[in-house]
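Asker: My questions will all concern the structure given below.
In our numbering, the protein residues as written are 41 to 216.
Dropping the structure here:
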């Protein structure tokens, strides 16, 4: 195999993050709305964690076309990544942007902005694969201090799942 260092993908991280959290908030709001309909009362602080409540409040403050605009962002990014990945068999990035955080790092008791900021630091690479439909896998190629596994994230073009499975087999055989 040959590995080349390449420029980051030509996508707008903030735009992707905003769309991602808008759609996440929409999903949480949908569940809360169903729960409210069943229970016959509005979701209250005593029943939901602060982060969950903040997502509901955030979503309910957005313009009505926010979900549609977020889906358009995902479609645009999918096309950008499709073109970006055309000349490569596999893209390699870290799984996380920081070493393994301590317990509570993403506690739902934290405020929404803190959780979003920490999510950016922790999971800045993998959501791009999730929203674009690119098959991907995480593989613990290295160990950090304390023998903590450090993941490498491999992604391929849509439809190239078999390529990743083949690579996983090769990596497992090599690391035995």
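Note that CB positions come from ideal geometry on N, CA and C, so glycine has one too.
With distances taken Cα to Cα, identify the nearest neighbour of residue 57 among 109, 76, 100 and 156.
Answerer: Taking the first residue of the chain shown as 1, we reach residue 57 at position 17. Of 109, 76, 100 and 156, the residue nearest in Cα terms is 156.
Asker: Relative to the C-alpha of residue 185, which candidate in 152, 208 and 139 has its C-alpha closest?
Answerer: In the chain shown, the residue the question calls residue 185 occupies position 145. Looking at the Cα atoms, 139 is the closest of the given residues.
Asker: Relative to the C-alpha of residue 154, which candidate in 91, 64, 194 and 124 has its C-alpha closest?
Answerer: Against the chain shown, residue 154 aligns to sequence position 114. Cα-wise, what sits closest to residue 154 is 91.
Asker: Distance check for residue 62 and residue 119, CA to CA, integer angstroms please.
Answerer: In the chain shown, residue 119 corresponds to position 79, counting from 1. In the chain shown, residue 62 corresponds to position 22, counting from 1. When rounded, the distance between both Cα atoms is 20 Å.
Asker: Does the region 133-147 come close enough to the region 188-199 to have 3 or more Cβ pairs within less than 8 Å?
Answerer: Yes, the region 133-147 touches the region 188-199.
Asker: Take residue 158 and list the residues in its own chain whose beta-carbon comes closer than 7 Å to its own, dropping the five residues that flank it on each side.
Answerer: For the purposes of this step, residue 158 is taken as the residue at position 118 of the chain shown. If we look at residue 158 and ignore the five residues flanking it on each side, its Cβ neighbours are 145 and 146.
Asker: Counting along the chain, where does the beta strand (DSSP E) carrying residue 138 start and finish?
Answerer: As a working mapping, residue 138 is identified with position 98 in the chain shown. Here residue 138 belongs to no beta strand (DSSP E), and DSSP marks it neither H nor E.
Asker: How is the alpha helix (DSSP H) around residue 147 delimited, first residue to last?
Answerer: Taking the first residue of the chain shown as 1, we reach residue 147 at position 107. Where residue 147 is concerned, there is no enclosing alpha helix (DSSP H), given that its DSSP letter is neither H nor E.
Asker: Within the continuous alpha helix (DSSP H) that includes residue 91, where are the two ends?
Answerer: Position 51 of the chain shown, counting from 1, holds the residue named residue 91. It spans 90-101 - the alpha helix (DSSP H) in which residue 91 sits, taken as one unbroken run.
Asker: Going along the chain, which residues of its own chain have a beta-carbon closer than 8 Å to the beta-carbon of residue 196, five neighbours each way excluded?
Answerer: The residue you call residue 196 lines up with position 156 of the chain shown. Cβ neighbours of residue 196 beyond the five flanking positions: 125, 129, 130, 131, 174, 175, 176, 203 and 204.
Asker: Rounded to whole angstroms, what is the Cα-Cα separation between residue 214 and residue 108?
Answerer: The count along the chain shown starts at 1 and reaches residue 214 at position 174. The count along the chain shown starts at 1 and reaches residue 108 at position 68. The alpha-carbon atoms of residue 214 and residue 108 are separated by roughly 45 Å.
Asker: Measure the C-alpha to C-alpha separation of residue 210 and residue 164 and round it to an integer number of angstroms.
Answerer: The residue given as residue 210 occupies position 170 in the chain shown. The residue given as residue 164 occupies position 124 in the chain shown. Approximately 27 Å between the Cα atoms of the pair.
Asker: When you compare each of 42, 94, 81 and 60 to residue 150 by their alpha carbons, which one comes out closest?
Answerer: Numbered from its first residue, the chain shown carries residue 150 at position 110. Residue 150 has its Cα closest to that of 94, out of 42, 94, 81 and 60.
Asker: Who are residue 66's beta bridge partners in DSSP?
Answerer: By 1-based counting over the chain shown, the position of residue 66 is 26. In the DSSP output, where bridge partners are listed per residue, residue 66 has none listed.
Asker: Please report the straight-line C-alpha distance between residue 65 and residue 99, rounded to a whole angstrom.
Answerer: Reading the chain shown from its first residue, position 25 is the one you call residue 65. Reading the chain shown from its first residue, position 59 is the one you call residue 99. In a straight line, the C-alpha of residue 65 is about 5 Å away from that of residue 99.
Asker: Counting C-beta neighbours from all protein chains within 10 Å, is the total for residue 69 16 or more, i.e. buried, or is it exposed?
Answerer: The residue labelled residue 69 in the question sits at position 29 within the chain shown. So residue 69 ends up on the buried side.
Asker: For chain B, check one thing: does any of its Cβ atoms lie closer than 8 Å to the Cβ of residue 96?
Answerer: Included in the structure is just one protein chain, with no chain B present.
Asker: Taking the Cβ atom as the reference point for each residue, do residue 89 and residue 82 lie within a distance shorter than 8 Å?
Answerer: Mapped onto the chain shown, residue 89 falls at position 49. Mapped onto the chain shown, residue 82 falls at position 42. No, the Cβ-Cβ distance between residue 89 and residue 82 is not below 8 Å.
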